[in-house]
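Residue numbers (mature numbering (1 follows the signal peptide of the UniProt record, and there is no 0)): -29 to -1, 1 to 464.
Note that CB positions come from ideal geometry on N, CA and C, so glycine has one too.
Below is one structure, written out as structure tokens, with a few remarks after it.
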């Protein structure tokens, strides 16, 4: 190879190497790590996701509260219907009774009219006043004429009495018919009221059912969205939200139970203070009476020294007697104290504890383990056999129940007739602090913390459990007690 060709080959090789090197190295390469803008965008997206998650969880809690309120509204409407039904039955019974009274009054008028007619016919047959004159002219003597005049006067008096009885019967009949008309009007008004209550109960039950369905649908959609935002599964989100809901309800339930206990303690303290004041007032009154009697005895001076001496001797005697009487009075006081601490205390304890002994109520309050009454136990046992049957407002079995329908039938099967409505059942039972409940006692729920707002009733099953017919769309169930809206006193049959 000539020198010229060799140089040309080297130049070409150098040019190729240089071109390859230049093409392999870019002039302005981007960095391999996230920029500040990338980080800011990621943080913004994360915050947006967290905000959406919180909003969804808040909405889930709001839906739960809305459903709970819808169930309360349905229970209130159902109890209003039950009360309207009871009032209609009473109004119809009153109308029937008033109609019977009016019929009897008409019969009395007819009887009075017949009596007047009979007297009039008798008078007509005896020729009226002519017969009266003939009695006097045909008399043999004055005495006979006087006797006949007396007899005629008696007959006339009977006629007057008959007319008075007829007038009175007609007045009574008028009053009875007026009362019957009023009773019919009352019954018609009661029927209209029940019809309106029925419509309201229907609407409330439908609203509760719709709320339950809509919240369930919304819950499913929100759980799906949560799963997408958190990049999890719907099943995991369902489990998580169920746990959050359970914790929330547990906190609310504990707070309600604590408030109920505090309320019971306040009422117990108020009752104790009142009892102490009454005892102090009674003791003061007894001391005043005793002082007055002592003053009466010492303010009896004699008119002479000898009489004073005799009186003094008598006073000694009386003093001994008085001392004996005082001793007896002390014994009576002890007896009274014993009575107060025994009979009175027992009654108060029984009322306060809801049982026959303090130990029973104490064990009941701590765990509901005290022995229930045979009636309460029988009612509870029967109610347990109805678990799973549907809630139907206005129903008393056998295929379904509302809350008071279940309790009424439970105690009816135990041999006790309770009224139909929750409020009437509360009034018909003895008061027992909820801390001293026994299985078979009744738990009452109120909108306003008093008997006037009662809308639901359940049967205490022991160990913090209850049996009840909850609300539309649910069934008779055996579940833990929900303490919110519970009245501080249960009912014992």
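Item: Closest Cα partner of residue 38 within the set 382, 361, 189; Value: 189
Item: Distance CB(residue 468)-CB(residue 375) smaller than 8 angstroms; Value: Past the boundaries of the shown model lies residue 468; the chain is included only from -29 to 464, so the question cannot be answered.
Item: Among 411, 231, 387, 27, nearest to residue 344 - alpha-carbon criterion; Value: 411
Item: Alpha-carbon to alpha-carbon, residue 246 and residue 311; Value: Because the pLDDT at residue 311 is just 37, under 50, the model does not fix this residue reliably, and the value given afterwards should be weighed accordingly. Distance between the alpha carbons of residue 311 and residue 246: 11 angstroms.
Item: Coil, strand or helix - residue 391 by DSSP; Value: coil
Item: Same chain, Cβ closer than 8 angstroms to residue 174, five either side skipped, listed in chain order; Value: 48
Item: The segment 61 to 72 in contact with the segment 195 to 206 per 3-pair CB rule at 8 angstroms; Value: no
Item: Proximity below 8 angstroms, CB of residue 168 to CB of residue 41; Value: no
Item: Inter-stretch contact (C-beta, 8 angstroms, three-pair minimum) for the segment 408 to 428 and the segment 366 to 382; Value: yes
Item: With 16 other Cβ atoms within 10 Å as the buried cut-off, status of residue 359; Value: exposed
Item: Check whether residue 80 and residue 156 have beta carbons under 8 angstroms apart; Value: no
Item: Residue 463 and residue 403 closer than 8 angstroms at C-beta; Value: yes
Item: Beta-carbon proximity list for residue 76, same chain, < 6 angstroms, skipping 5 on both sides; Value: 143, 144, 147
Item: Residue 422 beta carbon less than 8 angstroms from that of residue 382; Value: no
Item: Which listed residue (206, 459, 194, 455) has its alpha carbon closest to that of residue 221; Value: 455
Item: CA-to-CA distance, residue 235 to residue 182, given in whole angstroms; Value: 35 angstroms
Item: Residue range of the unbroken alpha helix (DSSP H) whose run includes residue 413; Value: It is not in any alpha helix (DSSP H) - residue 413 instead sits in the beta strand (DSSP E) that spans 413 to 417.
Item: Nearest residue (CA-CA) to residue 437, options 55, 45, 424, 355; Value: 355
Item: Cβ-Cβ distance between residue 161 and residue 58 below 8 angstroms; Value: yes
Item: Spatial distance of residue 69 from residue 149 (CA atoms); Value: 9 angstroms
Item: Same chain only: Cβ atoms within 7 angstroms of residue 451, ignoring 5 sequence neighbours per side; Value: 435, 436
Item: Identity of the residue in 445, 195, 32, 213 nearest residue 205 by Cα; Value: 195
Item: Selection from 134, 72, 433, 135 that minimises the alpha carbon distance to residue 407; Value: 433
Item: Residue 210 versus residue 453: straight-line alpha-carbon distance, rounded; Value: 22 angstroms
Item: Whether residue 459 touches residue 362 by CB criterion (8 angstroms); Value: no
Item: Residue range of the alpha helix (DSSP H) that includes residue 345; Value: 345 to 355
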